[in-house]
Each structure stands twice: as C-alpha cells, then as structure tokens.
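Residue numbers (our numbering): 48 to 243. Worksheet: one structure, shown below.
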Ligand SMILES: Nc1nc2c(ncn2[C@@H]2O[C@H](COP(=O)(O)OP(=O)(O)OP(=O)(O)O)[C@@H](O)[C@H]2O)c(=O)[nH]1
Ligand SMILES: [Mg+2]
C-alpha cells in the first residue's frame, strides 16, 4: 500500500494542462463505474476523491501523487454520462483526449469495467482508442462485491477473450477490499524503476 497519496493538481480545461513530470497511471471508465472509489480505497482514505451515486461526480482531471513511489494516479471524468449537456460532454472528451495524446509520462491507462455487465460497446471504444495511441491498457473489473460469482466470471472470461489477454482482467471491490493489494502490485510493477 502507498505511504501517502495526496491531491496535487486539478485541471478543468485544456489550457490548464501542463507537463506533470512523473510516471502517470490514469483511471478511466464510464461514469459511476467506481474510479474515484478505487482511488480512495487504494489510498486508504475514504474522502480523498469525491464519490457519488449520481454519475458525473468527477468533472476534472485530478493528479494524485503517490509517495515514496513517486508517480501519479490520475482520476479522469467518466464518459457516457447522458444527463449533462452535449457541449459539456464534448469538452470533457476533448480534455481527456488531449491529456492522453502525446503524454510521454503516461505509463498506462487502467480501464475500469463494471463486473456486473458483459462487455459494453463504449468500453471497447475506449480501449480501442487508448490502444491506438500506443498506450498500455490495464483492464480492471469493479464492484465485484455486487455481482454473483458466476456472473462475474462469465463477464471476466468474455473480456479476456475480447482483449486476447494472457490473464483475465483483475476483479476488484473498493467496498470489500477484494484484490486491492494485487492491483497495487500491478501498478508498482509498471513503474520504470520499481523500488527494491
Ligand atoms: N458495491 C460497490 N459499490 C461501489 C464500488 N465502487 C464504487 N461503488 C459505488 O458506485 C458509485 C459511483 O462511484 P464513484 O467512485 O463516484 O464512480 P466514478 O467512476 O468516479 O464516477 P464519475 O466521477 O461520475 O465518473 C458510488 O455510489 C459508490 O459507492 C464497489 O466496489 N462496490
Ligand atoms: Mg469520479
């Protein structure tokens, strides 16, 4: 587990985007999939990132610095949130795209997928887009506590087939803590110089 995770920078618009010179892992996924909750669980702090049962809670790019490992976890606004205006959705999509493109500090995008659902077109589009940028995708399935074992294994196997993965996506739960340690290990292994 990380020693400390602190919010270092919040970005609302493209012109606020600046280089953040440390390795970065971004958490991406549909609105309400559990990005901010996962960040809280990973940090061991319940109220670090704002969460809500109303989709569209995170409206900015939030850079959380992890020490002493020295990297950023970046909480992104969710996509596919239908109830906000089209112009607002377009603005977020552009901001996220600009962040993901040509960012040499980005070492991977954690694609969060709802374990209760079979693969969704919108999630496939995100993964296709990230892959097209030459960025690694780390698929992770959220809310495992909310899903019967049979269903989550079916959905997990479906994702593994679609992504041609050697391993199935990791099933996690921010509520029960299931596999949070394993997820943390996955992250740390990706760092350019993993601590000894
Ligand atoms: N049962 C269960 N509920 C979860 C879990 N993770 C998140 N939730 C719930 O799902 C809802 C959305 O969680 P958030 O973490 O705000 O989701 P988000 O992906 O950050 O959403 P946006 O900021 O809108 O994109 C909240 O009501 C959470 O309590 C989980 O592991 N298990
Ligand atoms: Mg959020």
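Idealized CB from N, CA, C, for every residue including glycine.
Distance, Cα to Cα, residue 240 vs residue 115?
-> Counted from its first residue, the chain shown places residue 240 at position 193. Counted from its first residue, the chain shown places residue 115 at position 68. About 12 Å.
What residues does ligand 2 have around it, judged by CB closer than 5 Å to any heavy atom, in chain order?
-> Any heavy atom of ligand 2 within less than 5 Å of a residue's beta carbon puts that residue on the list, which reads 82, 83, 104, 105.
Would you call the stretch 60-77 and the stretch 147-161 touching, i.e. three or more CB-CB distances under 8 Å?
-> yes
Helix, strand or coil: which one does DSSP assign to residue 204?
-> Locating residue 204 in the chain shown gives position 157, counting from the first residue. Looking at residue 204 - three-state DSSP - the assignment turns out to be helix.
Taking all protein chains shown into account, decide if residue 196 is buried (16 or more other Cβ within 10 angstroms of its Cβ) or exposed.
-> Mapped onto the chain shown, residue 196 falls at position 149. When all chains shown are included, residue 196 counts as exposed.
Consider the C-beta atom of residue 189 and the heavy atoms of ligand 1; say whether any pair is separated by less than 7 Å.
-> Looking up residue 189 in the chain shown gives position 142. Yes - ligand 1 has a heavy atom lying nearer than 7 Å to the Cβ of residue 189.
Option in 61, 69, 53, 219 with minimal Cα separation from residue 154 = Position 107 of the chain shown holds residue 154. Answer by Cα proximity: 69.
Identify the continuous beta strand (DSSP E) that holds residue 158 and give its terminal residues.
-> As a position in the chain shown, residue 158 is number 111, starting the count at 1. It spans 153-161 - the beta strand (DSSP E) in which residue 158 sits, taken as one unbroken run.
How is residue 198 classed by DSSP in three states: helix, strand or coil?
-> For the purposes of this step, residue 198 is identified with residue 151 of the chain shown, where counting begins at 1. In the structure shown, residue 198 sits in a helix (DSSP, three-state: H, G or I).
Go to residue 228, then tell me how far its alpha helix (DSSP H) extends in each direction, as first and last residue.
-> If you number the chain shown from 1, residue 228 lands on position 181. 227-237 is the span of the alpha helix (DSSP H), which, as asked, contains residue 228.
Cβ-heavy atom distance, residue 52 to ligand 1, below 7 Å = Looking up residue 52 in the chain shown gives position 5. Residue 52 Cβ: outside cutoff for every heavy atom of ligand 1.
Leaving aside the five residues before and after residue 167 along the sequence, list all residues of the same chain whose C-beta is less than 6 Å from its C-beta, in chain order.
-> As a working mapping, residue 167 is identified with position 120 in the chain shown. Correct list: empty, nothing qualifies.
Assign residue 189 to one of two classes, buried (16 or more other C-beta atoms within 10 Å of its C-beta) or exposed (fewer than that).
-> Numbered from 1 along the chain shown, position 142 holds the residue referred to as residue 189. Flag for residue 189 reads buried.
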